[in-house]
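Asks: The sequence shown stops at residue 1096 when you use our numbering, and every number in between is there. The C-beta atom is built at its ideal place from N, Cα and C for all residues, glycine as well. Let me begin by handing over the structure; questions about it come next.
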Amino acid sequence: MLMTTDMLTRQGLESNGIRRLVDRGELVRVRRGVYADSPLPDDRVAAHLMRARALGLTLAPDKVFSHQTAGAIHGLPVWRPVLTRIAVTRPGRSGGQLRPDLAIKVAPLAEDEVVNVDGWRVTSIERTAADLGRMLPLDWGLPVLDAALRAGVTREAMAEQVTRARRRPGVRALAAALDLADARSESPGESLARLVFWRLGIPAPVLQRDIVHSVTEAFLGRTDFCWPDLGIFAEFDGRVKYTRGVEEGDLAEVVMREKRRELAICADDWSCFRLTWAELFDPQLVMAMWQVALKQRGGRGR
795 MLMTTDMLTR
805 QGLESNGIRR
815 LVDRGELVRV
825 RRGVYADSPL
835 PDDRVAAHLM
845 RARALGLTLA
855 PDKVFSHQTA
865 GAIHGLPVWR
875 PVLTRIAVTR
885 PGRSGGQLRP
895 DLAIKVAPLA
905 EDEVVNVDGW
915 RVTSIERTAA
925 DLGRMLPLDW
935 GLPVLDAALR
945 AGVTREAMAE
955 QVTRARRRPG
965 VRALAAALDL
975 ADARSESPGE
985 SLARLVFWRL
995 GIPAPVLQRD
1005 IVHSVTEAFL
1015 GRTDFCWPDL
1025 GIFAEFDGRV
1035 KYTRGVEEGD
1045 LAEVVMREKR
1055 RELAICADDW
1065 SCFRLTWAEL
1075 FDPQLVMAMW
1085 QVALKQRGGR
1095 GR
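The following block contains the structure:
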């Protein structure tokens, strides 16, 4: 629970009493004038949201949560380094502020760009994705755009955001991210892998392709990335892929099931390569893996 100094004072606590509770660890100072009865979560997104909730207790009504904070509220993948600051936006054209823990942005806000999400006054998911697409490098803006489309935002709505932002910094980065965005990418890792393929000149893969046996037509599995004409598929191995909703004792079985799926597809004359986060930050290694897969095919298609 979050409590302001005024709330604690009304409960009979004076400043010395509040200080003693903080010293004993019974209260945690979240920000100036706001305390919690439990520590900040270890998870950076959850901690960011708790600090934002604390700010919201004293936030002026003309300000709304935006950018990385709105992204976290909407459940978009947010680049961890930007979570050090809470972001809010107020209508206007000048007068923004940058503090160690708070970024106050000043920008035009249309009526349809402000929504209420579980009690939060926040920029709409379309405006939030656009702001992050302008603000972040393409490597981290693309996962945001992919996730927004996956959440049901239309490409037309995002194109409208590009038009509205045409005189704002970063609009070219936003437009580039939208050109590459695809709702079928199911994780930031898959989004970044597609970007690496694009930068290396590797043909654009078919995403989330179902593979059936060439003779029996039995379903063999779904692949993250597939080049059907070449007989090649690729998988991104992010830890979340194996651990989401899985009890610790079942993890080995999940990994084995994934391996059996891969072997079954490869046994039907497919070639495969696997990517982890390490490979995504070493593009030449990705190119080498691609070239090995092509060599394995020996010019054979499907």
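From the DSSP output, read off the bridge partner residues of residue 1003.
Replies: For the purposes of this step, residue 1003 is taken as residue 209 along the sequence shown, with counting starting at 1. According to DSSP, which records beta bridges pairwise, residue 1003 is partnered with 1017.
Asks: Could you tell me which residues DSSP pairs with residue 798 in its beta bridges?
Replies: Residue numbering aside, residue 798 sits at position 4 when the sequence shown is read from its first letter. DSSP lists 828 as partners of residue 798.
Asks: Note down, in chain order, each residue of its chain lying with its Cβ closer than 6 angstroms to the Cβ of residue 897, except the 5 sequence neighbours on either side.
Replies: Residue 897 sits at position 103 when you count from the first residue of the sequence shown. The answer, listed in chain order, is 879, 881.
Asks: Report the option in 1081, 1003, 943, 1063 whose CA atom is closest to the CA atom of residue 990.
Replies: Looking up residue 990 in the sequence shown gives position 196. Closest option to residue 990, Cα to Cα, is 1081.
Asks: For residue 899, which residues does DSSP report across the bridge?
Replies: Taking the sequence shown and counting its residues from 1, one reaches residue 899 at position 105. For residue 899, which the question treats as bridged, DSSP gives the partners 883.
Asks: Taking only three categories from DSSP, how would you classify residue 1067?
Replies: Counted from its first residue, the sequence shown places residue 1067 at position 273. If DSSP states are grouped into helix, strand and coil, residue 1067 belongs with the strands.
Asks: Which residues mark the beginning and the end of the alpha helix (DSSP H) in which residue 1028 is found?
Replies: Position 234 of the sequence shown holds residue 1028. First-last for residue 1028: 1026-1030, but that is the beta strand (DSSP E), not the alpha helix (DSSP H).
Asks: With DSSP run on the structure shown, which of helix, strand or coil describes residue 859?
Replies: Counted from its first residue, the sequence shown places residue 859 at position 65. The answer is strand: DSSP assigns residue 859 an E or B state.
Asks: Measure how close the beta-carbons of residue 1087 and residue 1005 come, nearest whole angstrom, since I'm counting them as under 8 angstroms.
Replies: The residue labelled residue 1087 in the question sits at position 293 within the sequence shown. The residue labelled residue 1005 in the question sits at position 211 within the sequence shown. That belief does not hold up - the Cβ atoms of residue 1087 and residue 1005 are roughly 15 angstroms apart, past 8 angstroms.
Asks: With residue 865 and residue 858 assumed to form a contact (beta carbons below 8 angstroms), what rounded beta-carbon distance in angstroms separates them?
Replies: Working through the sequence shown from its first residue, we reach residue 865 at position 71. Working through the sequence shown from its first residue, we reach residue 858 at position 64. Not quite, the Cβ-Cβ distance comes to about 13 angstroms (not below 8 angstroms), so this is no contact.
Asks: Tell me whether residue 816 sits in a helix, a strand or coil according to DSSP, three-state version.
Replies: Position 22 of the sequence shown, counting from 1, holds the residue named residue 816. If DSSP states are grouped into helix, strand and coil, residue 816 belongs with the helices.
Asks: If distances are taken between C-alpha atoms only, which option among 918, 799, 1051 comes closest to residue 910?
Replies: Indexing the sequence shown from 1 puts residue 910 at position 116. Of the candidates 918, 799, 1051, the one whose C-alpha sits nearest the C-alpha of residue 910 is 918.
Asks: Keeping to the same chain, check which residues put their C-beta closer than 7 angstroms to that of residue 827; ignore five residues upstream and five downstream.
Replies: Translated into positions along the sequence shown, residue 827 becomes position 33. Around residue 827: 798, 799, 852.
Asks: Looking only at DSSP bridge pairs, what is residue 891 linked to?
Replies: Stepping through the sequence shown from its first residue, residue 891 is reached at position 97. For residue 891, which the question treats as bridged, DSSP gives the partners 898.
Asks: In whole angstroms, what is the alpha-carbon distance linking residue 822 and residue 914?
Replies: For the purposes of this step, residue 822 is taken as residue 28 along the sequence shown, with counting starting at 1. For the purposes of this step, residue 914 is taken as residue 120 along the sequence shown, with counting starting at 1. Roughly 22 angstroms between the two C-alpha positions.
Asks: Taking just the CA atoms, how far does residue 1002 sit from residue 807?
Replies: As a working mapping, residue 807 is identified with position 13 in the sequence shown. As a working mapping, residue 1002 is identified with position 208 in the sequence shown. If I take the Cα positions, the gap works out to 58 angstroms.
Asks: Helix, strand or coil: how does DSSP classify residue 873 here?
Replies: Taking the sequence shown and counting its residues from 1, the one referred to as residue 873 is at position 79. DSSP places residue 873 in coil when its eight states are reduced to three.
Asks: Does the Cβ of residue 994 have 16 or more other Cβ atoms within 10 Å, making it buried, or fewer, making it exposed?
Replies: For this step, residue 994 is matched to residue 200 along the sequence shown. Burial call: exposed.
Asks: For my contact list, residue 1018 and residue 1029 are in at a C-beta cut-off of 8 angstroms; report their separation, rounded to the angstrom.
Replies: Here residue 1018 refers to the residue found at position 224 of the sequence shown. Here residue 1029 refers to the residue found at position 235 of the sequence shown. So it is a contact: roughly 5 angstroms between Cβ atoms.
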